[in-house]
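These notes are about the structure you will find just below.
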Amino acid sequence: TEDEVDNLALIIVGMGLLIIGMQTLSEKDKIFLEDLF
């Protein structure tokens, strides 16, 4: 369905932003985020 496609697109975009964000974070911030998840 279209909803499934939209959800998949959001997940892909979200993962891309997460990867970009992780690359720009300091090591301290990475450790903090890993503790959250």
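Going by the working numbering, the first residue of the sequence shown is number 1188, and it counts up by one from there. For each residue, glycine too, the CB sits at the ideal point set by N, CA and C.
- Contact set for L1212: own chain, Cβ-Cβ below 8 Å, skip 5 residues either direction: L1220.
- Message: Are there any heavy atoms of the ligand SAM lying less than 7 Å away from the beta-carbon of M1202, as far as the coordinates show?
- Response: Looking at this structure, you won't find the ligand SAM or any other ligand, since it has none at all.
- Message: Can you tell me where the alpha helix (DSSP H) holding L1253 begins and where it ends?
- Response: No statement about residue 1253 is possible, as the shown extent of the chain runs from 1188 to 1224 and does not include it.
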